[in-house]
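Trainee: Right, I'll just put the structure down here and ask away after.
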Amino acid sequence: MTQDPSFSTVLLYHYSKVVGNFKQQQQQITFVYWYRGRRARTVFSRSQIEVLEEAFRRNCYPGIDVREQLAHKLTLDEDRIQIWFQNRRAKQKRSHHESQFLIVKNALMSGSIEELGRPTSSEFA
1 MTQDPSFSTV LLYHYSKVVG NFKQQQQQIT FVYWYRGRRA RTVFSRSQIE
51 VLEEAFRRNC YPGIDVREQL AHKLTLDEDR IQIWFQNRRA KQKRSHHESQ
101 FLIVKNALMS GSIEELGRPT SSEFA
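Quick note on numbering: full-length UniProt numbering labels position 3 of the sequence shown as 3, and the sequence is numbered without any gaps.
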């Protein structure tokens, strides 16, 4: 029994599509297995935070040597120390902006523009 060449071509095409889809699915499964998601959040103890805050008061931009010393002292990875300092600087900047906003808001609400440092009419005379 001989098969029509067009039939074998169609069969070969269908086989390659099935195998190709299987390989693609296998690669996706491998990728999903390889991807573990976000890393676990680092939870700092009170004593670690106290040491980090003290170091931040001394210098909010510590060098690699200081970060490595802190990492060794606190039994943390150096990259976690670096991220902590980045987050702490962002928190400081955010709180500074919020406090400035409250000063302006309170001055405007009380009608006391002089508190904002604007020159008064008597300063122009």
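We treat Cβ as the ideally placed atom computed from N, Cα and C, and that holds for glycine. This one's a predicted model, so the numbers in the text were calculated from it and none came from an experiment.
By alpha-carbon positions, which one of S47, G37, E68, R88 ends up nearest to R57?
Mentor: The sequence position of residue 57 within the sequence shown is 57, counting from 1. Ranking the options by Cα distance to R57, first place goes to R88.
Trainee: Take the Cβ of Q92 as the centre, count every other Cβ of all protein chains shown within 10 Å, and call the residue buried at 16 or more, exposed below.
Mentor: On the sequence shown, position 92 is the one that residue 92 refers to. It is exposed - the Cβ of Q92 has fewer than 16 other Cβ atoms within 10 Å.
Trainee: Can you tell which of C60, L52, A40 has its C-alpha closest to the C-alpha of A71?
Mentor: Walking along the sequence shown from the start, residue 71 turns up at place 71. The residue with the shortest Cα to Cα distance from A71 is L52.
Trainee: So, are the CB atoms of I49 and R67 less than 7 Å apart?
Mentor: Walking along the sequence shown from the start, residue 49 turns up at place 49. Walking along the sequence shown from the start, residue 67 turns up at place 67. Result no, Cβ atoms of I49 and R67 do not sit closer than 7 Å.
Trainee: Enumerate in chain order the residues of its own chain whose CB-to-CB distance from E78 is below 6 Å, with the five nearest sequence positions on each side excluded.
Mentor: Residue numbering aside, residue 78 sits at position 78 when the sequence shown is read from its first letter. So the list reads R67, E68, A71, once near-sequence residues are dropped.
Trainee: Can you name, in chain order, every residue of its own chain whose Cβ lies under 8 Å from the Cβ of L102, other than the five neighbours on each side?
Mentor: The residue labelled residue 102 in the question sits at position 102 within the sequence shown. Result list for L102: empty, nothing under 8 Å.
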